[in-house]
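**Student:** I'd like to ask you about the structure that follows.
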Amino acid sequence: MKKDILHDIIAQKQIELTQQKASVPESALEEMLDGRPADGRSMKKALAESRVGIIAEFKRKSPSKGWINRDANPLEVAEGYVRSKASALSVLTDEPFFGGTLKDLANIRKAVEVPVLRKDFIISRYQLLQAKLTGADAVLLIAAALSPKDCFLLAQEAHNLNLEVLLELHSEEELGHYNEYVDMVGINNRNLGTFHTDVENSFRMAGKLPKDAVRVSESGISSPETIHRLREAGYQGFLIGETFMKTPDPGKALSDFIKRLDL
Numbered sequence: 392m393k394k395d396i397l398h399d400i401i402a403q404k405q406i407e408l409t410q411q412k413a414s415v416p417e418s419a420l421e422e423m424l425d426g427r428p429a430d431g432r433s434m435k436k437a438l439a440e441s442r443v444g445i446i447a448e449f450k451r452k453s454p455s456k457g458w459i460n461r462d463a464n465p466l467e468v469a470e471g472y473v474r475s476k477a478s479a480l481s482v483l484t485d486e487p488f489f490g491g492t493l494k495d496l497a498n499i500r501k502a503v504e505v506p507v508l509r510k511d512f513i514i515s516r517y518q519l520l521q522a523k524l525t526g527a528d529a530v531l532l533i534a535a536a537l538s539p540k541d542c543f544l545l546a547q548e549a550h551n552l553n554l555e556v557l558l559e560l561h562s563e564e565e566l567g568h569y570n571e572y573v574d575m576v577g578i579n580n581r582n583l584g585t586f587h588t589d590v591e592n593s594f595r596m597a598g599k600l601p602k603d604a605v606r607v608s609e610s611g612i613s614s615p616e617t618i619h620r621l622r623e624a625g626y627q628g629f630l631i632g633e634t635f636m637k638t639p640d641p642g643k644a645l646s647d648f649i650k651r652l653d654l
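Position in the sequence shown counted from 1, then plus 391, gives you the numbering used here.
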């Protein structure tokens with residue numbers, strides 16, 4: 392029987408949330424938000440209007456590969472991504488499995504003007520409040536980690552906080568998680584149970600997605616040729632992390648990648 396990594400991640404996330412809420416109650420987060428500007432940058436608009444469409448990700452490690460770039464400086468990487476014309480940034484904020492923190496997101500937000508996505512395993516309104524407080528413009532909701540009802544409620548609450556929603560799907564069975572509060576639909580080419588990656592999953596799912604959805608292909612994209620094919624299939628966003636983060640200079644790796652796109 393294959394190990395279900397997603398199950399382990401969610402179990403750990405529930406433990407973390409219990410500890411965080413005991414330390415800083417949800418009501419305290421709400422008080423911190425009171426009076427703050429509500430508006431954020433639109434990741435949906437950035438992707439729809441971009442010729443590149445790359446969401447460049449800051450990611451130190453993964454459950455399947457271990458450390459990818461343990462000592463990466465979030466500010467240096469983010470600024471390099473922006474100089475290289477990333478349309479948006481994704482910041483992993485899960486620490487045990489991906490080596491990220493909310494501090495990474497907060498620091499990156501202060502340094503860049505492009506939209507920033509909080510990428511985590513969000514199962515609670517508490518995490519949406521954290522995302523808003525640290526400056527995220529959008530949040531990832533993962534269908535495999537949520538019931539359709541919980542997905543709807545979290546997406547609705549994200550909009551109440553002026554956060555855009557990227558809904559991540561992997562299979563046709565998860566299409567029922569799509570709802571009116573979803574701004575972008577991501578197809579994860581990585582199975583979160585086994586972490587096996589197959590970019591063809593985006594092509595299999597393309598024709599099953601709502602026709603007016605801003606579509607994002609996630610994981611396993613390592614060549615410009617794949618992006619050209621994905622664009623032909625209707626995708627406007629391309630979330631890429633490991634391809635850049637495994638190099639000594641992720642920003643330069645992105646720049647070289649975009650030059651090869653020959654737009």
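A virtual CB, placed ideally from N, CA and C, is assigned to each residue, including glycine.
Kindly identify the DSSP beta-bridge partner or partners of ILE401.
**Tutor:** Translated into positions along the sequence shown, residue 401 becomes position 10. For ILE401, which the question treats as bridged, DSSP gives no partner whatsoever.
**Student:** CB-CB under 8 angstroms to VAL605, same chain, minus the five flanking residues each way: which ones, in chain order?
**Tutor:** Counted from its first residue, the sequence shown places residue 605 at position 214. LYS435, LEU438, ALA439, ASP574, MET575, VAL576, GLN627 and GLY628, listed in sequence order.
**Student:** Can you check whether the CB of LEU519 is closer than 7 angstroms to the CB of ALA549?
**Tutor:** Residue numbering aside, residue 549 sits at position 158 when the sequence shown is read from its first letter. Residue numbering aside, residue 519 sits at position 128 when the sequence shown is read from its first letter. A contact, by the Cβ cut-off of 7 angstroms.
**Student:** Tell me which residues share the same chain as GLU565 and place their Cβ nearer than 8 angstroms to its Cβ, disregarding the 5 neighbours each side in the sequence.
**Tutor:** For the purposes of this step, residue 565 is identified with residue 174 of the sequence shown, where counting begins at 1. Only ALA534 and ALA535 meet the Cβ criterion.
**Student:** Report all residues from its chain with a CB closer than 8 angstroms to the CB of TRP458; omit the five preceding and five following residues, and keep chain order.
**Tutor:** Along the sequence shown, read from residue 1 onward, the residue named residue 458 stands at position 67. Closer than 8 angstroms at Cβ, skipping near neighbours: ARG451, LYS452 and GLY490.
**Student:** How about ASN580 and SER610: do their beta carbons lie closer than 7 angstroms?
**Tutor:** Here the question's residue 580 lines up with position 189 in the sequence shown. Here the question's residue 610 lines up with position 219 in the sequence shown. Yes.
**Student:** Give me the Cα-Cα distance between LEU524 and GLU422, rounded to the nearest whole angstrom.
**Tutor:** As a working mapping, residue 524 is identified with position 133 in the sequence shown. As a working mapping, residue 422 is identified with position 31 in the sequence shown. When rounded, the distance between both Cα atoms is 11 angstroms.
**Student:** Do you know how far the Cα of ASP528 is from the Cα of SER414?
**Tutor:** For this step, residue 414 is matched to residue 23 along the sequence shown. For this step, residue 528 is matched to residue 137 along the sequence shown. If I take the Cα positions, the gap works out to 25 angstroms.
**Student:** Beta-carbon of GLU633 versus every beta-carbon of chain B: anything under 7 angstroms?
**Tutor:** Chain labels in this structure do not include chain B; a single protein chain is all it has.
**Student:** Relative to the C-alpha of ILE514, which candidate in LEU408, LYS602, VAL482 and GLY444 has its C-alpha closest?
**Tutor:** Position 123 of the sequence shown, counted from the first residue, corresponds to residue 514. Selected option, being the one with the closest Cα: LEU408.
**Student:** In three-state terms, what does DSSP make of GLY642?
**Tutor:** Against the sequence shown, residue 642 aligns to sequence position 251. GLY642 falls in the helix class under three-state DSSP.
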